[in-house]
Amino acid sequence: MDRTTPNHRNGTFLAPLVTFTVLLGGVGTGGDYTPAYHALRESRDVFSKQRDSAPKSNGFAVSADIEYTKSTLHLSMAELARCLGVSRQALYNWIDGGSIKHENLAKLIELKSAAIVIADASLSERALFIHRKLPGGKTLIETVAMGGSGTEAAQSLVKLANEEAEQRLALNGLLVDRKPHNLLGHGTPELVDKS
830 MDRTTPNHRN
840 GTFLAPLVTF
850 TVLLGGVGTG
860 GDYTPAYHAL
870 RESRDVFSKQ
880 RDSAPKSNGF
890 AVSADIEYTK
900 STLHLSMAEL
910 ARCLGVSRQA
920 LYNWIDGGSI
930 KHENLAKLIE
940 LKSAAIVIAD
950 ASLSERALFI
960 HRKLPGGKTL
970 IETVAMGGSG
980 TEAAQSLVKL
990 ANEEAEQRLA
1000 LNGLLVDRKP
1010 HNLLGHGTPE
1020 LVDKS
């Protein structure tokens, strides 16, 4: 069965039609490929879809927040990145003014508010308290990483630290009148050699 007709020769019927359309300046969709077409396209964004861009961070504010949080809580960049759930490179990009997602910005703000609460409390051993477990079983860093309130976690941590300081003072008050015992003579043989 031969399908070669004058109008249908193995798909070559459309080739002259496409060539004719292109040579006359058509764009193939019924539009005119003219300077007026380009002017219209450049003057109005009618052919492009508006896209929501990622929010640009205020580079100075984010970099100041990162540095304040790091210095106050004695965190390394790796610990801070782990808390926020990003890479260290993302932190450096934010410091340089790169875009930051809303959820990461919210975590950074919570961590900064926790740092403010801890700085205002004037805890003597801040670095030791950051990794302490809170009554919920998580540390301050874990609480913020899970999306919890940094302020509430920091207040709980400060309360815990103050209670421990009061207990330490009370214990020192009980033991202040005790005289230290000479433990050298108790339970050890004399080391005097009389030979």
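Using the numbering used here, read the sequence shown as starting at 830 and increasing by one per residue. C-beta atoms are modelled at their ideal positions from N, C-alpha and C, and glycine is treated no differently.
Check: CA-CA distance, GLU995 and ALA948?
Finding: Numbered from 1 along the sequence shown, position 166 holds the residue referred to as residue 995. Numbered from 1 along the sequence shown, position 119 holds the residue referred to as residue 948. Taking the straight line from one Cα to the other gives about 19 Å.
Notebook entry, point to check: Can you give the Cα-Cα distance for SER886 and GLY914, rounded to whole angstroms?
Noted result: Working through the sequence shown from its first residue, we reach residue 886 at position 57. Working through the sequence shown from its first residue, we reach residue 914 at position 85. No answer about SER886 holds up, because its pLDDT of 47 lies below 50 and its placement is not dependable.
Notebook entry, point to check: Alpha carbon to alpha carbon, what distance is there between PRO864 and GLU896?
Noted result: Counting from one through the sequence shown, the residue named residue 896 turns up at place 67. Counting from one through the sequence shown, the residue named residue 864 turns up at place 35. If you draw a straight line from the Cα of GLU896 to the Cα of PRO864, it is about 53 Å long.
Next item on the list: State yes or no: is the C-beta of GLY979 within less than 8 Å of the C-beta of ALA950?
Entry: Within the sequence shown, numbered from 1, the residue matching residue 979 stands at position 150. Within the sequence shown, numbered from 1, the residue matching residue 950 stands at position 121. Not closer than 8 Å, so no.
Notebook entry, point to check: Just how far apart, CA to CA, sit VAL946 and LYS930?
Noted result: Numbered from 1 along the sequence shown, position 117 holds the residue referred to as residue 946. Numbered from 1 along the sequence shown, position 101 holds the residue referred to as residue 930. LYS930 has its alpha-carbon roughly 25 Å from the corresponding atom of VAL946.
Checklist line | Alpha-carbon spacing of VAL891 relative to ASN991, whole angstroms | finding: Residue numbering aside, residue 891 sits at position 62 when the sequence shown is read from its first letter. Residue numbering aside, residue 991 sits at position 162 when the sequence shown is read from its first letter. Rounded to the nearest whole angstrom, the CA to CA distance from VAL891 to ASN991 is 31 Å.
Next item on the list: Quick one: give me the first and last residue of the alpha helix (DSSP H) that MET975 is part of.
Entry: Stepping through the sequence shown from its first residue, residue 975 is reached at position 146. Per DSSP, MET975 belongs to no alpha helix (DSSP H) and is neither H nor E.
Notebook entry, point to check: If we call anything under 8 Å between Cβ atoms a contact, is LEU998 one with LEU986?
Noted result: For this step, residue 998 is matched to residue 169 along the sequence shown. For this step, residue 986 is matched to residue 157 along the sequence shown. No, they are not a contact pair.
Margin query: Would you say the beta carbon of LEU920 is closer than 7 Å to some non-hydrogen atom of the ligand SAH?
Written below: Looking for the ligand SAH in the displayed structure turns up nothing, as the structure carries no ligands at all.
Item checked: Nearest-angstrom Cβ-Cβ length linking VAL973 and LYS936, presumed shorter than 8 Å -> Here residue 973 refers to the residue found at position 144 of the sequence shown. Here residue 936 refers to the residue found at position 107 of the sequence shown. Contact between VAL973 and LYS936 is confirmed by a C-beta separation of about 6 Å, below the 8 Å threshold.
Next item on the list: Evaluate GLU893 with the Cβ neighbour count: other Cβ atoms within 10 Å of its Cβ, from every protein chain shown; 16 or more gives buried, anything less gives exposed.
Entry: Taking the sequence shown and counting its residues from 1, the one referred to as residue 893 is at position 64. The residue you asked about is not Glu; residue 893 is Ala in the sequence shown. Counting Cβ neighbours within 10 Å, ALA893 comes out exposed, since fewer than 16 surround it.
Notebook entry, point to check: Secondary structure at ASP894, three-state DSSP: helix, strand or coil?
Noted result: The count along the sequence shown starts at 1 and reaches residue 894 at position 65. Of the three classes helix, strand and coil, the one that applies to ASP894 here is helix, per DSSP.
Item checked: C-beta contact flag for ILE938 and LEU902 at 8 Å -> Here residue 938 corresponds to residue number 109 of the sequence shown, with the count starting at 1. Here residue 902 corresponds to residue number 73 of the sequence shown, with the count starting at 1. No, they are not a contact pair.
Check: Mapping DSSP to helix, strand and coil, what is ILE901?
Finding: Walking along the sequence shown from the start, residue 901 turns up at place 72. The residue you asked about is not Ile; residue 901 is Thr in the sequence shown. Correct three-state label for THR901: helix.
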